[in-house]
Each structure stands twice: as structure tokens, then as C-alpha cells.
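According to the working numbering, the residues represented by the sequence shown are -6 to 122, in order.
See below for the structure under consideration.
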Amino acid sequence: MYGCAGSLEEGRSYDVLVEGISTYKGLKEVTNVSVLKEKARVNLETYSVYADDFNAKNLRQNEVVRNLKGVYKDGFLYTEGIKIPLYFKKRKLTPQNGSRLKIDYGHLGYYKKLQLVIYDAGDFEILEE
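Have a look at this one:
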């Protein structure tokens, strides 16, 4: 969903009617929805990938990555032989090259290719050398 999830609550499921879809850089985006029915709470852990299970071949769009450690360099996170694009929604959060990071909450988004997106300062920490 893009620009239309403001009234939805994280951790809750809904029956929705999709009223608008657009395409951006090859990615389908739901741009308008109506909530038909609010349903039960869902376990968000079902949609999380933890560091122990992190495997570049099995990553899927919109999963949440948690507790992942690696080194940031030139727009990528390097972790245990895996290189994944790392995008900071707020540019001022971008760390220096060579910084060791712990990703507490990263969203697997898609913009031309799969990438790990960091939204807020609380989503990661810079580890001491």
C-alpha cells in the first residue's frame, strides 16, 4: 500500500476493497482502499526474518528483518557473505562507510531491486569498533 494505510493499525488484519492501483518502476502499488471489516490481531513474528534465518535466496518483499548485524559500505550491508542494498529513508541517518550496524527493524522493500529499508533512528544502532 502506498499513501493509503494511515487509518490501518499495525498488527491487525482487515478485509479491504482495493479501489486504486498504480505502477511505479514496475512495482504495483495499492493507492486507495476501503476497509470492509476489521478482523483479529495477528502475530507479527510470522512476517519477521531473524539474523539466524537470514538467507539472500529466500528473502521476500515486505518481510521484516530483525537483529541483523553487518558492515555498511557504499549503500550495502555486508553480513556473513551476503550483500544487500541498504536504504535509509531519511538520508541524515546514513552512517559512514565501514560502520558496524545492528538492524533492529528493517523492511524488505522494492525499488528496481530488493533492498533493506531503514525508516527511523530507532530501527538500527551503530556498534562500537
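C-beta: ideal position from N, C-alpha, C; glycine also.
Here the structure is a predicted model, which means the values were calculated and not measured.
For residue i, count neighbouring Cβ atoms within 10 angstroms of its own Cβ and tell me buried if that reaches 16, exposed if not.
i           : result
residue 108 : buried
residue 120 : exposed
residue 29  : exposed
Straight-line CA distance for residue i to residue j?
i           : j           : result
residue 37  : residue 98  : 12 Å
residue 13  : residue 35  : 25 Å
residue 76  : residue 86  : 20 Å
residue 118 : residue 111 : 11 Å
residue -6  : residue 24  : 6 Å
residue 8   : residue 2   : 13 Å
residue 89  : residue 48  : 25 Å
residue 66  : residue 19  : 27 Å
residue 80  : residue 92  : 14 Å
residue 101 : residue 17  : 17 Å
residue 84  : residue 70  : 16 Å
residue 6   : residue 82  : 26 Å
residue 72  : residue 42  : 14 Å
Between the options, which lies nearest to residue i when the distance is taken from Cα to Cα?
i           : options             : result
residue 60  : 14, 26, 44 and 33   : 44
residue 22  : 54, 110, 2 and 4    : 54
residue 11  : 26, 101, 46 and 17  : 26
residue 103 : 113, 78, 0 and 67   : 78
residue 4   : 18, 40 and -4       : 40
residue 74  : 95, 62, 105 and 114 : 62
residue 114 : 101, 95, 0 and 46   : 95
residue 58  : 33, 64, 116 and 17  : 116
residue 15  : 82, -3 and 51       : -3
Report yes or no: is there a C-beta of chain B within less than 7 Å of the C-beta of residue i?
i          : result
residue 32 : Although the question refers to chain B, the structure presented lacks it and comprises just one protein chain.
Subject >> Complete runs of the beta strand (DSSP E) confined to the region 56 to 99 [at least 3 residues] >> reply: 57 to 59, 61 to 66, 69 to 72, 75 to 81 and 93 to 96
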